[in-house]
Amino acid sequence: MRYVLADDAFYYFTIARNAAQGFGLTFDRIAETNGFHPLWLFILLPIQSLMQDKIVAIHAILSLSAIIDTLTIYLLWVLLREQNVRQNIRLVVCSFYAFPTILFSHAGPLSGLETALNLMVISFYLILYFRILKSDLFQLREAMIFGIVSSLLFLARTDNIVLLGATYIHIGVHYRNQSGPSRYLFASGSTALILVVPWLIWSYVNFGSLVQVSGQSVAFVTRANLDAQGWSAMDFLLQTVRNLASIVRFFPFYLDNTSTMSFIPLLIAIALGGFALSTIRLLRSREAKQAVVMSQYYTSLMPLLVVIVAFVAIHTFRGVYLRGWYYTSLLPFLFLLGGVTTELFVTSTQPKHKLALRRISIVALLPALVVYGESMRRVYTKAIGEIDKYQMVLSMNRVLPEKTTVGSWNAGVYGYFFDRGNVVNLDGLVNNVAYDHIKNRSLGDYCRRVGVTHLVDPVGSFRYWQSYWAKEPTDLLRQGDVIYETPRENLDRKVVLLHLHSR
Numbered sequence: 001m002r003y004v005l006a007d008d009a010f011y012y013f014t015i016a017r018n019a020a021q022g023f024g025l026t027f028d029r030i031a032e033t034n035g036f037h038p039l040w041l042f043i044l045l046p047i048q049s050l051m052q053d054k055i056v057a058i059h060a061i062l063s064l065s066a067i068i069d070t071l072t073i074y075l076l077w078v079l080l081r082e083q084n085v086r087q088n089i090r091l092v093v094c095s096f097y098a099f100p101t102i103l104f105s106h107a108g109p110l111s112g113l114e115t116a117l118n119l120m121v122i123s124f125y126l127i128l129y130f131r132i133l134k135s136d137l138f139q140l141r142e143a144m145i146f147g148i149v150s151s152l153l154f155l156a157r158t159d160n161i162v163l164l165g166a167t168y169i170h171i172g173v174h175y176r177n178q179s180g181p182s183r184y185l186f187a188s189g190s191t192a193l194i195l196v197v198p199w200l201i202w203s204y205v206n207f208g209s210l211v212q213v214s215g216q217s218v219a220f221v222t223r224a225n226l227d228a229q230g231w232s233a234m235d236f237l238l239q240t241v242r243n244l245a246s247i248v249r250f251f252p253f254y255l256d257n258t259s260t261m262s263f264i265p266l267l268i269a270i271a272l273g274g275f276a277l278s279t280i281r282l283l284r285s286r287e288a289k290q291a292v293v294m295s296q297y298y299t300s301l302m303p304l305l306v307v308i309v310a311f312v313a314i315h316t317f318r319g320v321y322l323r324g325w326y327y328t329s330l331l332p333f334l335f336l337l338g339g340v341t342t343e344l345f346v347t348s349t350q351p352k353h354k355l356a357l358r359r360i361s362i363v364a365l366l367p368a369l370v371v372y373g374e375s376m377r378r379v380y381t382k383a384i385g386e387i388d389k390y391q392m393v394l395s396m397n398r399v400l401p402e403k404t405t406v407g408s409w410n411a412g413v414y415g416y417f418f419d420r421g422n423v424v425n426l427d428g429l430v431n432n433v434a435y436d437h438i439k440n441r442s443l444g445d446y447c448r449r450v451g452v453t454h455l456v457d458p459v460g461s462f463r464y465w466q467s468y469w470a471k472e473p474t475d476l477l478r479q480g481d482v483i484y485e486t487p488r489e490n491l492d493r494k495v496v497l498l499h500l501h502s503r
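All residue numbers for the sequence shown refer to the numbering used here, where the first residue is 1 and numbers rise by one.
Here it is in structure tokens:
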């Protein structure tokens, strides 16, 4: 909890536990929600049903995530092997993936979120995608399997629709002159649609939207704050560029914004420039066979580059800032592109230069390991996780009476561990009704309607969301009496339990 478990993960844990106990898909047992990615939640249902102890259930979930992530390493190995990447390069790439510097962070595969599952499904999907492009026999059986995996990809994270769109279009263009494969591609897409339609219908009928409230709420609040600051279209465009540049913070080493290792992005840029030059040289090679191989590689990889840019651009214009686990979704593409590009770079090197290249690689290994170790240390020592919230909820279980209803902006940890009543999520991530009140700046009315008597959040969080309590300016900390707070020198991070004044 101190290092890897994100508060959002506890939304999954709580909804799955409530569903397993017969309360339906709800976080607070008051109203249903669609604020989750369905595949991961449904996988958690049997775990929460079988594990009565909440802590044991978390250990089981993280163990499952570790198993899934191990399988992803194998799938990445297969993916690189089928792209004719030599074994030693595959070993390096898979080692970086197996021990990522984001492991001890909310962006890692052990965060309790859908991250590990999503990475595995993406990797498997990419294997099938490249096999379809390379196969002369794209038959109905392969199409049906591809359709099923496509539906799993969408249900793992619905923003994977960007990957689905780019790859399906590319396959269609690839087989545009062949009627048989085109029909099979249509069958594949139809299969995927049939499997995801029940989720979409349920979401639309119950909440009036195909998009989860978790995506809508974060985007609305962020955009509202920035609109108040006068952000223009140019600001959003520049933020898109910054978000794209932030990819180097996650691949292959994690770098924070204040890192003294700021020269590393420059080195990465130089390396990419070298790869690009070698690519151009190989494309202009007189050896037709090499040029054809290069052309085939980049024709099949181009949609993935489009996916990376489109994924970042769409999330930027919707929610402006990308959370760490959004970038993690791009890791299979980045490791694949890195492995293939390295292979092509080595292939383009003339025989007389290969010994020198090998020596340079050996010399570069030591500083690379130093940077890797420093990146890991920074992530590990920086993380403070949700431990303050856990300490607070233990106190809540001691001091609050039975059947207390508590409201919280970031409610995941509190909702999972609070045993003496309900916790109502107020930031709208898993509360569709609260999202409507956020838009109307009437969270205070909503809390009174559902019987919220206490609020709990860090002081900084109260200041962040108090403008949505009522249309008139409100100081939330003056709306009640502080009955407990966690010891913190940093006032913004001090968690406060507030007993609201009755009206």
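Positions of the beta carbon are idealized from the N, C-alpha and C atoms, including for glycine.
This one's a predicted model, so the numbers in the text were calculated from it and none came from an experiment.
Query, Result
"Looking at chain B, is there any beta carbon in it that lies within less than 9 Å of the beta carbon of alanine 228?", "Here there is only one protein chain, and chain B is not present."
"Can you find the residues in the same chain that come closer than 6 Å, C-beta to C-beta, to arginine 493, ignoring five residues on each side of it along the sequence?", "Pro458"
"Under a three-way DSSP split, which group does asparagine 509 fall into?", "Any question about residue 509 goes unanswered here, given that the chain covers just 1 to 503."
"Express the C-alpha separation of methionine 392 and glutamine 479 in angstroms, rounding to a whole number.", "20 Å"
"Just to confirm, is the Cβ distance from valine 406 to tyrosine 414 under 9 Å?", "yes"
"Return yes when the Cβ of leucine 163 is within less than 9 Å of the Cβ of valine 307, no when it is not.", "yes"
"For lysine 389, tell me which candidate among His174, Gly412, Ala368 and Val399 has the shortest Cα-Cα distance.", "Gly412"
"When the Cα atoms are used, what is the spatial distance from isoleucine 58 to lysine 471?", "40 Å"
"Could you tell me the alpha carbon to alpha carbon distance between glycine 324 and tyrosine 204, rounded to whole angstroms?", "28 Å"
"What separation, rounded to the nearest whole angstrom, lies between the Cα atoms of isoleucine 362 and serine 123?", "29 Å"
"For a test of the three-state rule: what should DSSP assign to threonine 405, helix, strand or coil?", "strand"
"Mind reading off the beta-carbon distance from lysine 403 to glycine 428? Whole number of angstroms is fine, and I expect it under 8 Å.", "Not confirmed; about 24 Å, so no contact."
"Answer with buried or exposed for threonine 299, where buried requires no fewer than 16 other C-beta atoms within 10 angstroms of its C-beta.", "exposed"
"How would you label aspartate 235, buried or exposed, when you count the other beta carbons within 10 angstroms and need 16 or more for buried?", "exposed"
"Rounded to a whole number of angstroms, what is the C-alpha to C-alpha distance between asparagine 397 and valine 149?", "43 Å"
"Could you tell me if leucine 366 is buried or exposed, where buried requires 16 or more neighbouring beta carbons within 10 angstroms of its beta carbon?", "exposed"
"Please state whether DSSP places threonine 72 in a helix, a strand or coil.", "helix"
"Can you give me the start and stop residues for the alpha helix (DSSP H) that threonine 235 sits inside?", "According to the sequence displayed, residue 235 carries aspartate and not threonine. Per DSSP, aspartate 235 belongs to the alpha helix (DSSP H) from 233–245."
"Just mark glutamate 32 as buried or exposed, buried being the case when its beta carbon has 16 or more other beta carbons within 10 Å.", "buried"
"Contact check, alanine 98 vs proline 109 under 8 Å by CB: the rounded distance?", "Not quite, the Cβ-Cβ distance comes to about 10 Å (not below 8 Å), so this is no contact."
"Between the stretch 39–52 and the stretch 71–79, can you find at least three pairs of beta-carbon atoms closer than 8 Å?", "no"
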